[in-house]
Each structure stands twice: as C-alpha cells, then as structure tokens.
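Asker: Going by full-length UniProt numbering, the first residue of the sequence shown is number 1, and it counts up by one from there.
This structure is in structure tokens; I'll ask about it shortly.
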Amino acid sequence: MIGPYVLPDDVFDALAAGAGGRPAVLRLLRARRSRNLLLLRRALDGPCGRAVEPAADLLAGVERVDPEAARSVIDGPAFGTWAARTLGDCPAHHRGGCAGRDLAALAVLAAVRAARPARVTVPVREGRLRLPGLGTVTGLGEVPEALVVVEAPAGAEGAPGTSAGSCRVRVLTAAGERVLPRDPSRPGHGWQPVAVLDARHRGLTLRLPLETATPELPALETASAGPAAWQDLLRQAWELLVDNHPRRAEELAAGLNGIVPLPAPARGVASATSRHAFGTVLTSWPADPERLALTLLHEFQHSKLSALTDLVTLYESGGGPRLYAPWRPDPRPPGGLLQGIYAHLGDLAFWQERSGSRHGPAQADAAWRLAQTRAHVERGLTEAASHVRLTALGTRFLERLARTVRDGDRDGTGAGGGSGGERLARAVARVQAGDEAVWRLRWAAADDTGTERLAALWRAGRPAGPLPAEDVRAATGAVVGPGPEFGRWAARQRGAERARPAREAADAVLAEPHRAQGWAELAAAAGEEGRPGADVLRARTELVRDLCVRLTARQPAPPPGAAPPRPPDPLALAAWLADTAVGTDRSGVGAAADEEGAADRAPQARRAHPTRGSGRVGRGQPAAEAGRAPGPASGDGLAVPVESGSGETPVDPARSPGPDPAADEAPGASAPPGQADPRPVLAPARTEHGAHRGAGRPSADVQVGAPAPVEGVGRVQQGVGQGAQGGLDPAGRGQRSGVAEGPGAPAPPGPGRGPDAGDELGGGGAPGQKTGVSMSQNARSPLAKTSATG
C-alpha cells in the first residue's frame with residue numbers, strides 16, 4: 001500500500017503569504033527528512049557507497065535502540081550538506097578520501113546520544129577531528145584518520161534518552177589516544193566542544209548548537225564572541241521575538257536547529273543559509289539582539305522556501321543570473337530572486353513593529369528600513385512577474401506574496417501617512433531608481449546593431465520602434481556594491497526634500513557621460529518629477545547612455561567660427577525611446593504571467609512598456625503560455641500525471657530546483673565575498689500540474705514521494721524499513737510515491753545513476769523487482785536488510 005504525502009491548499013497558501021505557522025514548518029521538516037533519507041540511499045548506491053556503508057550501519061544500529069537519536073542526526077545541521085557534497089563531484093572516492101566518509105562523524109553523534117557502543121573511522125583534516133554536534137579534537141598532527149570508540153556505561157545500551165555525558169569517547173590515532181571529557185559540553189585538553197545555546201521565554205524554548213565542528217567549514221574561532229556572549233544575545237533576541245512576533249517564534253522553535261558562526265566582514269553583518277541544511281543559520285556576530293532576531297527571521301524564510309521548492313515547482317528551469325534584485329549588487333537567477341523576495345517579506349512585519357515601538361532617531365531609522373524593505377519586495381515582485389517563467393503554482397505563490405504586501409500597506413506597514421510618510425516614500429524611490437540605474441550600467445550591455453539603428457532613426461526624426469535586446473552579464477568572483485560615491489548620495493536622500501532637478505542632472509550627464517553616479521541621479525530626478533521616459537532611464541540606462549554617447553561622437557563638425565552643436569538631450573532621448581517602444585527580451589530569462597492573471601486567459605501577444613517595472617508580459621511570448629505549468633520533457637526529470645479533478649498535484653520530493661538560491665540573500669548584507677552557490681544535488685524536475693479547482697485556480701494539494709510520517713533512517717541494499725521511498729513503476733508507467741507499508745517498495749536509482757540521469761529517483765531495480773526504502777511501522781528493525789521481489 002503506497003499512499004501520498006499531501007500539502008494542503010491552506011498550508012501552501014499560508015506559506016506563500018510569508019508565514020505558515022508551526023504546523024506548516026513541521027510538514028516541511030518531515031518532508032526534508034524524507035528527502036535526506038532518499039539521498040542517503042542514493043549515496044549508498046553510488047560510487048561512494050563503500051565509504052558510506054560503515055557509518056550507515058552504525059546509524060541503523062542506533063535507530064534500533066533509540067530512533068529519536070538517529071532522527072536528530074538526519075534532521076540536524078550537517079546531514080543535508082554532507083549529502084550534497086557526497087552526491088556532487090567526488091573525484092577522490094576511488095582514493096578513499098571522498099566526502100562520504102564524513103558521515104562517520106555524524107554517526108558518532110548518534111551513538112553518543114543513544115549511549116550505544118560504537119567503533120568507526122573518522123577523517124582527520126589539518127590535525128582536527130570534527131564531530132558535528134559534539135566538538136573538535138585538535139592537535140592530532142598529520143594523520144589522515146582516527147578510530148573513534150564510544151563506550152556506553154554498563155546497562156545504558158538500549159536505554160533511550162541516556163545522557164550523552166554518560167558515554168566514554170576515545171580517539172585513537174597512530175600517535176596515541178585521546179579521551180574526551182565525560183561531559184562533552186565541557187572544554188578539555190585538545191577538545192573544543194560545540195556549545196548549546198538555550199533561550200526560554202513565556203513557555204517557548206529555543207535550543208541551538210553553536211556549530212563550529214562542521215567538516216566543510218574552515219576553523220572558526222569565537223573568542224571575540226564566545227558561547228557566553230552568544231547565549232546572552234540569543235536570550236535577548238528570543239524575548240524580543242516571543243513578545244512581538246509570537247507566531248514566527250513558534251515557527252523558529254519548531255524548525256531552527258543550529259547557528260554556524262561566520263567570520264566578521266569588514267562592515268555590517270554577513271548571514272546566509274544553505275538550501276541543503278534546513279533550519280541552520282550561518283551568521284557573523286550580530287552585535288545586538290535586534291539584529292540577531294531579524295537575522296533568524298530572515299534566514300529561516302530561506303529555509304522554508306527551500307523546503308517548499310523540494311515539493312512544488314514554482315518556475316521553469318533555465319534562465320541564468322540576469323535579474324535585478326534591489327537588495328543585491330549582482331544579477332540573480334530566478335530562484336535567487338524568489339528567495340530574496342520571500343526572505344525580505346519576513347522582514348516587513350519586523351520593521352513594522354519596530355517602527356511603532358521606537359522613539360526619536362531609532363524610530364526614524366526603523367521607518368526608513370520599513371519603507372525601503374517594502375519597496376524592495378514590491379520591485380522584486382515586479383521583476384519576477386515580468387521575467388521569470390512561473391508555473392501555475394508559481395503564479396499563485398506570487399499572488400499570495402503580493403496580497404500580503406498590499407494588506408500590510410493597508411495595515412500600516414508602508415511608509416506611513418502624512419507629509420513625513422510621503423517624503424520618506426520619495427526618498428526611498430530615489431535611492432532605488434539610482435541603484436537600478438547603476439546596476440544596469442555595470443551589468444547590462446546594449447546591442448550594438450540595435451543601438452546603431454536607433455541612432456539612425458533619431459537623426460531621421462522617426463519613431464524609435466522596438467527596443468533592442470538587452471544582455472545582462474553574470475557576475476564572476478567577489479562582487480562589491482555600487483561604490484562610496486553612490487553610498488554617500490543615498491545617505492543624503494534620507495534627509496532631502498527632493499531630488500536634484502532633472503534638467504540640472506541631465507546637463508551633468510552630458511558633461512560626464514561615463515560617470516555612473518550622474519546617471520543614477522538623473523534616473524532618480526526624472527522619476528520623481530514624473531518626466532516622460534523616466535522608466536526607460538531607470539530600466540534601460542545603458543541603452544540611453546550608449547545612444548547618447550554614439551550620437552554625440554558622430555555629430556557633424558560645425559562651420560568655421562560657429563558654436564559646436566549641442567549634444568542630444570538624454571531626457572529627450574529617453575522620452576523618445578519610451579514613446580513607441582515595446583518590450584524586449586532578456587536573454588535566457590523569458591516572460592511570465594502578468595499580475596492580472598494572464599495564465600487563465602486565452603493566449604495572446606501583448607505590447608508592453610519596455611520597463612521592467614511595468615509588471616506586464618510584453619516579451620514576445622503569449623501570456624497564457626508564460627504562466628502555464630510545464631509538462632513532461634525528456635531528460636528533465638519525471639512528469640507525474642494526475643487524473644483530472646483529483647484535486648492533488650504530484651511532485652518529486654528529492655529534486656533540487658537548481659543552484660542554491662538561499663545561500664547569500666542576507667538581510668541587508670551580502671554573503672561572504674566570493675561565496676558561490678553550491679552544486680545542485682539533483683537535476684530540476686518538471687512537474688505536470690493536472691488538477692484545478694474553481695475558475696482556473698490550481699490546487700496545491702500535493703502528492704509527494706515523501707510520506708508525511710517519516711520516522712526512520714532506512715538503509716539496505718534492496719529493502720529498508722522506516723525510511724522514505726520513491727522510484728519508478730517497474731512497468732515504466734511513471735513515478736510511484738508515498739508511504740510503503742511493507743518491506744518491498746520502489747527504490748532510488750541503482751549504482752551509477754548520476755544526478756543528471758533524467759529519472760530523478762527511479763530506475764535502480766530490474767524489471768519485475770521492487771527495491772527501495774520501506775516505511776513499515778512494525779517492530780522489526782527498520783534498517784534490517786531484506787530482499788523484496790514483486
């Protein structure tokens with residue numbers, strides 16, 4: 001009997017609205033656990049299987065005596081990132097040094113928590129043996145590995161809940177033996193424990209390891225902000241969250257599982273989230289409780305959306321990092337843009353509360369941040385609606401996000417009323433227009449042929465017609481912001497009544513056409529004055545500048561003694577471009593359904609204003625097709641058909657939508673310089689949304705190959721109990737997914753199936769044979785090896 005995992009409509013809508021609550025978080029956590037189990041099985045069946053097997057056997061033994069101890073490791077901060085590294089490129093697997101061996105360190109944690117005897121070999125790197133969740137053994141010298149022996153006290157084995165401090169842990173190398181403290185939370189000679197932070201307020205408890213022992217991170221010293229300082233800061237931040245954001249605090253208590261301290265950047269705070277580590281926040285020292293509270297809220301939004309996109313397809317694959325996000329200095333991919341929108345939506349309620357509870361300069365600062373965050377979210381929503389190929393569920397997701405912003409504006413989360421609020425809104429608009437203009441001058445390039453055509457039309461006095469295609473370059477290496485000149489100008493806008501007059505800004509641009517800051521001020525001034533072509537100055541700045549430079553350079557020489565001709569006016573050029581322009585296509589991105597629900601209307605081509613702020617289609621693609629959910633495609637994952645009217649939409653539980661979009665969308669600060677998105681674990685899957693309710697409204701009740709009650713670590717060669725399951729129907733009819741009630745169930749792919757094999761989690765068994773991860777709830781060991789034939 002195989003049953004589905006279902007994501008109900010109301011849960012999807014609650015998550016899309018920005019929150020979701022504790023029940024939604026628990027659903028996402030169970031689904032992520034199931035995904036992690038499938039990845040464990042895939043690692044065992046892959047080229048690193050032999051390196052993974054000893055640790056998986058130990059986890060199996062732990063699960064038999066203490067399922068909760070094993071579950072805590074599968075759900076913990078390090079497991080997902082371990083699986084991502086193991087299933088990615090691992091050229092060292094044939095040399096015995098692959099990332100799969102790091103699972104042994106996690107198995108040690110499970111054994112200690114269950115007080116179960118264990119002997120397992122763990123890699124040593126740079127003289128350090130890292131045991132996530134426990135701590136780091138230092139000073140081991142140049143040895144490649146160590147034997148870790150866990151000795152449980154007499155009578156403790158098989159007694160769930162036995163204190164970890166009751167175990168004796170020995171570390172043996174060729175150089176000798178180390179014995180860890182009986183209480184591993186206490187420092188010792190050559191032992192740096194992972195501190196556990198504990199915050200309690202009004203009945204809500206938040207317990208988070210200050211994780212400094214993850215193998216993939218460099219050694220991080222927290223002397224400048226040690227565990228005691230983190231503990232005090234978290235206590236204050238938790239009180240702030242529980243008192244002012246109780247529902248969000250319940251989400252955090254249910255889903256957060258660790259803080260990884262990062263080195264401090266040159267200025268501000270660096271924070272990040274990995275899509276593979278649900279509930280884990282990477283952050284530098286925040287310095288004050290308010291900043292830590294905001295960071296936890298912001299980064300957990302990333303975790304929620306990453307887990308949701310394991311279950312549903314919000315946008316079609318394809319489209320590189322070419323999108324504008326006002327909170328970032330570099331172009332973003334579609335997934336990164338959606339992640340940033342979702343995370344900043346979580347900031348809105350925070351700044352709404354802070355702007356209402358502060359006084360004096362602090363209140364003014366909170367009001368500015370609130371207005372700026374709201375403008376960022378609105379601009380991000382417009383960018384996504386205009387330039388991301390959304391599925392039907394993706395369109396619905398964005399509609400719910402936009403509704404939250406509109407409702408918040410009515411409730412007072414906007415800039416506020418009166419002259420003060422209007423002045424604040426104008427200042428934010430100026431800064432955002434200037435930022436976008438500078439961004440375009442840095443990353444966008446106008447087409448030479450198209451620009452030359454426009455120059456000829458201008459000289460002939462003819463309409464501009466369609467604007468030429470744009471080309472946005474992807475960022476490489478470390479990326480910095482617009483620069484100190486723009487920063488100083490932006491800071492002045494907070495206290496300025498109005499922008500520099502547009503006419504004055506245009507004259508300055510003519511004098512220095514290659515100075516980016518001049519174009520930023522011109523775009524801001526034209527927008528504030530409502531000049532014709534203001535949108536073109538903001539959204540196609542590079543085209544206006546290149547056209548202005550080209551026309552100036554090719555002016556005829558004046559007669560002897562005559563004054564040189566005046567260069568073309570950039571304000572007039574922008575108005576001319578806007579007068580007859582139609583939308584242009586951004587390379588590789590494509591259109592989406594417009595904000596008026598074009599996905600439900602008959603296909604039709606639409607002309608639109610060339611600006612990306614218009615929120616309309618106008619990209620040469622029918623609106624209805626732009627918002628249509630993708631169907632099956634060869635080599636692009638499985639499309640799971642659903643009978644019409646079933647009210648449920650199936651998706652793949654163990655896919656990845658692409659590069660990690662959440663890793664660097666920090667609240668008001670970029671990720672550590674040079675940090676790149678991790679390699680995707682699995683290829684994107686196309687999902688066929690075949691069920692609709694009402695007038696074209698898609699259902700979000702989602703059948704997933706990740707069962708709701710995922711309770712175990714399942715691992716064997718051909719059949720496993722207590723684990724997640726997913727795979728192919730042996731007859732080739734499509735994916736079978738859900739909860740397997742017996743020992744035989746479809747399996748993840750067999751050995752040699754890489755992440756781009758095209759069948760996601762299927763194809764491992766021979767025809768007529770069912771192999772996989774079983775969800776049996778019987779008393780038999782859930783990790784016992786079985787052989788199940790169909």
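For glycine and all other residues, C-beta sits at the position ideal for the given N, C-alpha and C.
#1: Could you check if residue 448 is buried or exposed, using at least 16 other CB atoms within 10 Å of its CB as the buried criterion?
#2: DSSP three-state label for residue 145, please.
#3: Let me know if residue 112 comes out buried or exposed under the rule of 16 or more other beta-carbons within 10 Å of its beta-carbon.
#4: Tell me whether residue 327 sits in a helix, a strand or coil according to DSSP, three-state version.
#5: Applying the criterion that 16 or more other CB atoms from any shown protein chain within 10 Å of the CB defines a buried residue, is residue 485 buried or exposed?
#6: For the alpha helix (DSSP H) containing residue 547, list its first residue and its last residue.
#7: Taking only beta-carbon positions, decide if residue 531 is within less than 9 Å of chain B.
#8: With a 10 Å radius around its C-beta and 16 neighbouring C-beta atoms as the bar for buried, classify residue 357 as buried or exposed.
#9: Evaluate the contact criterion for the region 56-70 versus the region 126-137: three or more CB pairs, one atom per stretch, below 8 Å.
#10: With a cut-off of 8 Å on the beta carbons, I'd call residue 24 and residue 400 a contact; round off their distance for me.
#11: Going by CA-CA distance only, name the one from 103, 88, 30, 328 that's closest to residue 439.
#12: Taking DSSP as the reference, what is the three-state secondary structure of residue 188?
#13: Is the beta carbon of residue 505 less than 9 Å from the beta carbon of residue 526?
#14: Return the Cβ separation of residue 70 and residue 86 in integer angstroms, given the expectation that the two are a contact with Cβ distance under 8 Å.
#15: In this structure, how does DSSP classify residue 317 when only helix, strand and coil are distinguished?
#16: How many whole angstroms separate the CB atoms of residue 51 and residue 101, which I take to be in contact at a CB cut-off of 8 Å?
#17: Using the DSSP secondary-structure output, state which residues sit across from residue 259 in a beta bridge.
#18: Would the region 198-209 count as touching the region 241-251 if we require 3 or more Cβ pairs under 8 Å?
#19: Taking buried to mean at least 16 other C-beta atoms within 10 Å of its own C-beta, is residue 147 buried or exposed?
#20: Taking the alpha-carbon of residue 524 as reference, which of 544, 512, 515, 498 has the nearest alpha-carbon?
#21: What's the C-alpha gap between residue 518 and residue 542?
#22: From the DSSP output, in three-state form, read off residue 194 for me.
#23: Comparing C-alpha positions only, which one of 184, 548, 332, 531 sits nearest to residue 476?
#24: Quick check: residue 578 and residue 535, are their CB atoms within less than 9 Å of each other?
#25: Please report the distance separating the alpha-carbon of residue 235 from that of residue 392.
#26: In whole angstroms, give me the CA-to-CA distance for residue 294 and residue 550.
#27: Return the first residue and the last residue of the beta strand (DSSP E) that residue 241 is part of.
#28: Under 7 Å Cβ to Cβ from residue 181, same chain only, skipping five residues before and after it: list those, please.
#29: Could you give the DSSP three-state label for residue 177: helix, strand or coil?
#30: Count Cβ pairs between the region 266-283 and the region 296-315 that sit closer than 8 Å; are there 3 or more?
#31: How would you label residue 509, buried or exposed, when you count the other beta carbons within 10 angstroms and need 16 or more for buried?
#32: May I ask you to report which of helix, strand or coil DSSP gives residue 13?
#33: Can you find the residues in the same chain that come closer than 6 Å, C-beta to C-beta, to residue 195, ignoring five residues on each side of it along the sequence?
#34: Grouping DSSP H, G and I as helix and E and B as strand, with all else coil, what is residue 335?
#35: If you count every other CB in all the chains shown that lies within 10 Å of the CB of residue 359, and 16 or more means buried, which is it?
Answerer: In short, the structure shows the following:
#1: Numbered from 1 along the sequence shown, position 448 holds the residue referred to as residue 448. Label assigned to residue 448: exposed.
#2: Here residue 145 refers to the residue found at position 145 of the sequence shown. Here residue 145 sits in strand by DSSP.
#3: Walking along the sequence shown from the start, residue 112 turns up at place 112. So residue 112 ends up on the buried side.
#4: Start at 1 with the first residue of the sequence shown, and residue 327 comes out as number 327. DSSP places residue 327 in coil when its eight states are reduced to three.
#5: As a position in the sequence shown, residue 485 is number 485, starting the count at 1. Residue 485 should be labelled exposed.
#6: As a working mapping, residue 547 is identified with position 547 in the sequence shown. Looking at the DSSP string, the run of the alpha helix (DSSP H) that includes residue 547 is 541-553.
#7: Although the question refers to chain B, the structure presented lacks it and comprises just one protein chain.
#8: The residue given as residue 357 occupies position 357 in the sequence shown. Exposed: under 16 other Cβ atoms inside 10 Å.
#9: no
#10: The sequence position of residue 24 within the sequence shown is 24, counting from 1. The sequence position of residue 400 within the sequence shown is 400, counting from 1. Going by Cβ atoms, the distance from residue 24 to residue 400 rounds to 13 Å, so no, they are not a contact pair.
#11: Along the sequence shown, one-based indexing puts residue 439 at 439. Of the candidates 103, 88, 30, 328, the one whose C-alpha sits nearest the C-alpha of residue 439 is 328.
#12: Numbered from its first residue, the sequence shown carries residue 188 at position 188. Note: residue 188 maps to strand in three-state DSSP.
#13: Here residue 505 corresponds to residue number 505 of the sequence shown, with the count starting at 1. Here residue 526 corresponds to residue number 526 of the sequence shown, with the count starting at 1. Cβ atoms of residue 505 and residue 526: closer than 9 Å.
#14: Residue 70 sits at position 70 when you count from the first residue of the sequence shown. Residue 86 sits at position 86 when you count from the first residue of the sequence shown. Between residue 86 and residue 70 the Cβ distance is about 18 Å, and since that is not below 8 Å, they are no contact.
#15: As a position in the sequence shown, residue 317 is number 317, starting the count at 1. If DSSP states are grouped into helix, strand and coil, residue 317 belongs with coil.
#16: Start at 1 with the first residue of the sequence shown, and residue 51 comes out as number 51. Start at 1 with the first residue of the sequence shown, and residue 101 comes out as number 101. So it is a contact: roughly 5 Å between Cβ atoms.
#17: One-based indexing of the sequence shown puts residue 259 at position 259. 210, 281, per the DSSP bridge assignment.
#18: yes
#19: Taking the first residue of the sequence shown as position 1, residue 147 is located at position 147. Under this definition residue 147 is an exposed residue.
#20: Start at 1 with the first residue of the sequence shown, and residue 524 comes out as number 524. If we check each option's Cα against that of residue 524, 498 comes out closest.
#21: Counting from one through the sequence shown, the residue named residue 518 turns up at place 518. Counting from one through the sequence shown, the residue named residue 542 turns up at place 542. Computed Cα separation, rounded: 13 Å.
#22: Stepping through the sequence shown from its first residue, residue 194 is reached at position 194. In the structure shown, residue 194 sits in coil (DSSP, three-state: anything other than H, G, I, E or B).
#23: Taking the first residue of the sequence shown as position 1, residue 476 is located at position 476. That would be 332, whose Cα lies nearest to the Cα of residue 476.
#24: Here residue 578 corresponds to residue number 578 of the sequence shown, with the count starting at 1. Here residue 535 corresponds to residue number 535 of the sequence shown, with the count starting at 1. Contact: yes.
#25: Numbered from its first residue, the sequence shown carries residue 235 at position 235. Numbered from its first residue, the sequence shown carries residue 392 at position 392. Going from the Cα of residue 235 to the Cα of residue 392 covers about 42 Å.
#26: Numbered from 1 along the sequence shown, position 294 holds the residue referred to as residue 294. Numbered from 1 along the sequence shown, position 550 holds the residue referred to as residue 550. Residue 294 and residue 550: Cα-Cα distance of roughly 47 Å.
#27: Residue 241 sits at position 241 when you count from the first residue of the sequence shown. Here residue 241 belongs to no beta strand (DSSP E); instead the alpha helix (DSSP H) covers 227-244.
#28: To locate residue 181, count along the sequence shown from 1; it is residue 181. So the list reads 188, 191, once near-sequence residues are dropped.
#29: Locating residue 177 in the sequence shown gives position 177, where the first residue counts as 1. In the structure shown, residue 177 sits in a strand (DSSP, three-state: E or B).
#30: yes
#31: One-based indexing of the sequence shown puts residue 509 at position 509. Its Cβ being crowded by 16 or more others within 10 Å, residue 509 is buried.
#32: On the sequence shown, position 13 is the one that residue 13 refers to. Three-state DSSP puts residue 13 in a helix.
#33: What you label residue 195 is simply residue 195 of the sequence shown in a count that begins at 1. Answer for residue 195: 210, 227, listed in chain order.
#34: Numbered from its first residue, the sequence shown carries residue 335 at position 335. Helix.
#35: Translated into the one-based positions of the sequence shown, residue 359 becomes position 359. By the neighbour-count rule (16 or more Cβ atoms within 10 Å), residue 359 is not buried but exposed.
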